[in-house]
Amino acid sequence: MFKFEVLIEDKKTKARIGKATTSHGVFETPVFMPLATKGVVKTLSPEELKEIGAEVILGNTYHLYLRPGMEVIREAKGLHNFMHWDLPILTDSGGFQIFSLGETFKINDHGVEFKSIIDGSRHFLTPETVIEVQEILGADIIMVLDECVPYPVDKKYVQEAVLRTLDWSARCKKAQKRENQALFGIVQGSMYQDLRRLSAEKTVELDFPGYALGGFSVGEPHDLMFGVLEPTLNYLPGNKPRYLMGVGNSSSLVEAISLGIDMFDCALPTRMARNGGVLTSEGRINIRNAKYLKDFSPLDPNCCCYVCKNYNRAYIRHLLNVGEILAHRLLSWHNLTYIINIINETKSAIKNDSFSDFKNAFLRKECNE
RNA sequence: GGGGGCGUGGUGUAGCUUGGUUUAACACACUGGCCUGUCAAGCCAGAGAUCGCGGGUUCAAAUCCCGUCGCUCCCG
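Have a look at this one:
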């Protein structure tokens, strides 16, 4: 089952509070979904994620298909059971991997042929098999197979990718057998306004329970992304969730929420964490920097997460410098808390009818940093 | 006392035999930056040694020769 309703609409912006109901419970939007690409949010346990406030996590069809493989997932009775996460899961289709692992893929209209990055074995994924795999994984929200293109890129190529994604989307929808999973369509079109419109309108014609916007944050300038995103949203129905794929830096989050985006995912908070990047209310810092050698203050003086309450910068810097895993855990913990807190503050502001002021203050602060 | 080996950036090494692609290379450490549907405990960049010291041979020496100091191993 999947149900989405808009509970509150902001008066001055297009921001909104929504409620999504899935087979594994309810979550409120806007929501940030941490990445559990291979069936784990790197370094963190499901119990810890719940404490941090994560409500939905993201698995990846391509990676889980290769390892542990569908036989294992089938016997484990699905990904939820396998990884001990009983809240909602969204699985991405693997479309992004066609883009990010480009050299190992060959695309044609039928599907995608690729060589396993693990053992070099040959595989063929089609819209149909991608749905089959996601039905075995059993996520609450699943994604169509799409073709994400790089930026900048030739318009003719984008048009082909848009048309192919539309074709694949229709085939995914047709292939779907299980009824308790929400299959989301994906709008592509790179930075071409007319192609975004075409992609959005045709995808909406296929009638999905939710719509994602793919192909953003692939290297284009910030203003260009929002310039294309805003008008594209006009072609998506207001009563369905909108998911901006791959975007997760804090200012873009708030800005996108004001345009009516409901869902986000991003590798940034957790990946940055493992490399010493710390999100703080006073801007981004790199905990590896020498100036934190004897800094015994918390990562973020204005944060009250478990990590900031109990550990200091000097210690975490030390852990990272000597290669201790706890550093990655503590930093991932903090960064995810930071992003989820921003979402929570945003939601409070919408509920208090003060979102517009909140947004302006937030973006001004980010600009000054 | 006799004989051998070794001394090159912070650390560990390469180069030396057959002097000249050496503006001395590499790893780690160090300094900074990057990371946006995660092949990412990753990637990029930077600083840092005139080759133990002195002399000699040569157009040219980290590289060959002599001396010297230090460390080290073996014999006594």
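Per the numbering used here, the first sequence starts with residue -9, numbered consecutively. Note that the Cβ used here is the ideal one computed from N, Cα and C, for glycine as well.
Proximal residues to residue i (C-beta, below 7 Å), its chain only, five neighbours per side dropped
i	result
Leu77	His14, Gly15, Glu45 and Val46
Leu56	Ser106 and Ile108
Ser389	Outside the displayed span of the chain (-9 to 359) sits residue 389, for which this structure offers no information.
Leu320	Val297, Tyr301 and Ile306
Leu(-3)	Ile7, Gly8 and Lys9
Gln183	Val218 and Pro221
Ala129	Gly49, Leu69, Ile79, Leu80, Thr81 and Gln171
Tyr282	Arg303, Ala304 and Arg307
Asn276	Gly266 and Gly267
Buried or exposed (CB count within 10 angstroms, at least 16 for buried), residue i
i	result
Asn331	buried
Glu61	exposed
Asn325	buried
Asn147	The residue asked about is misnamed: residue 147 is Tyr in this sequence, not Asn. So Tyr147 ends up on the exposed side.
Glu245	buried
Asn50	buried
Lys284	exposed
Val268	buried
Gly313	exposed
His70	buried
Gly92	exposed
Gly110	exposed
Pro211	exposed
Ser338	exposed
Gly59	exposed
His74	exposed
Gly175	buried
Arg232	buried
Gly370	Nothing can be reported for residue 370, as the shown portion of the chain is limited to -9 through 359.
Bridge partner(s) assigned by DSSP for residue i
i	result
Ala44	None; Ala44 has no bridge partner.
Ala202	Ile176 and Tyr233
Val102	Ile97 and Leu115
Asn50	Asp82
Thr11	Lys(-7) and Val16
Ile131	Leu80 and Ala172
Asp136	Note: Asp136 sits in no beta bridge, so no partner.
Asn311	Answer is none; Asn311 lacks a bridge partner.
Glu195	For Glu195, which the question treats as bridged, DSSP gives no partner whatsoever.
Leu360	This structure cannot settle anything about residue 360, because the visible part of the chain is limited to -9 through 359.
Phe352	The partner list for Phe352 (beta bridge, DSSP) is empty, contrary to what the question assumes.
Asn392	Missing from the structure shown is residue 392; the chain here goes from -9 to 359 and no further.
Gly267	Asn276
Asp255	Met23
Ile(-2)	Ile7
Beta-carbon proximity list for residue i, same chain, < 8 Å, skipping 5 on both sides
i	result
Leu185	Lys145, Val148, Gln149, Val152, Gln178 and Gly179
Leu258	Gly238 and Asn239
Lys355	none
Nonlocal neighbours in the same chain, by C-beta distance under 6 Å from residue i, ignoring five residues either side
i	result
Met(-9)	Ser13 and Asn170
Leu115	Gly101 and Val102
Leu316	Leu309
Cys138	Gly85, Phe86, Phe89, Gly204 and Gly205
Ile132	Thr81, Gln124, Gln171 and Leu173
Ser240	Ile332
Ala5	Ile247, Ser248, Ile340 and Phe345
Thr33	His318, Arg319 and Ser322
Any non-hydrogen atom of the ligand NAP closer than 6 Å to residue i Cβ
i	result
Phe114	As presented, the structure is devoid of all ligands, the ligand NAP included, so that no description of it is given.
The region 271 to 283 / the region 33 to 44 touching (three or more Cβ pairs under 8 Å): no
Cβ contact check for the region 157 to 166 and the region 223 to 230: 3 or more pairs under 8 Å: In short, these stretches do not touch, since the Cβ pair count stays below three.
Segment contact, 8 Å Cβ cut-off, at least three pairs: the region 252 to 260 with the region 16 to 26: yes
Three-pair Cβ contact test at 8 Å for the region 291 to 300 versus the region 340 to 350: no
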